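Taking my numbering, the leading residue of the sequence shown gets 49, the next gets one more, and so forth. Data first, discussion second: the structure below is written as structure tokens.
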Amino acid sequence: EDADQDKHRAAKKIPRWCDTYLQELARQSDLDPDSIFGPKVPKCQLEDIFTDAMYEQAKKVRPKRQRGSSGDWRKDRLAKHEVSNYKSRMGQVRLWEPSDELHAAAAASTGASGSSHAARVLH
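The following block contains the structure:
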């Protein structure tokens, strides 16, 4: 059974991005993720996720209850200094600029050193 799985895996096509993913990870390791995703996680509104239409489709009635204390994470938040210290320790100090990917894509398309991943993403 394991031999069959190995044969099946060996026949799978490996995506091109796998060729350079370790280099891409290293190239991006100093990026501040907040400069990409933003510093705050949006509030999770369960009513937006579990809509009335979904309850109707499932032939269920929406429970009439307020969100419990387990849904309130305000007391568990990281302090700004904790976030800053973590980023510093991890070396996440560079801000992401959209032009970074455009320059890398241009370099890759002309054969210069750059991000082949960016070229694939943008084309």
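Where is the CB? At the ideal position from N, CA and C, for every residue including glycine. In this text, all values refer to a predicted model and were calculated from it rather than measured experimentally.
- With contact defined as three or more Cβ pairs closer than 8 angstroms, the stretch 136-147 and the stretch 77-96 are in contact.
- For Val131, the enclosing alpha helix (DSSP H) starts and ends at 128-138.
- Take Val89, set aside five residues on each side of it, and no residue of its chain has a beta-carbon closer than 7 angstroms to its own.
- DSSP, reduced to helix, strand and coil, places Arg142 within a strand of the structure shown.
- Contact annotation: Asp80 and Lys128 have beta-carbon atoms that are not nearer than 8 angstroms.
- Annotation: Asp52 to Pro63 spans about 22 angstroms, alpha carbon to alpha carbon.
- DSSP places Leu94 in the uninterrupted alpha helix (DSSP H) bounded by 94-97.
- A straight line joining the alpha-carbon of Gln93 with that of Ser132 spans about 28 angstroms.
- Non-local beta-carbon contacts of Lys55 in its own chain, meaning distances under 7 angstroms to residues more than five positions away in sequence, are absent.
- Within the stretch 61-128, the complete alpha helix (DSSP H) segments of 4 residues or longer fall at 69-76, 82-85, 94-97, 100-105, listed in chain order.
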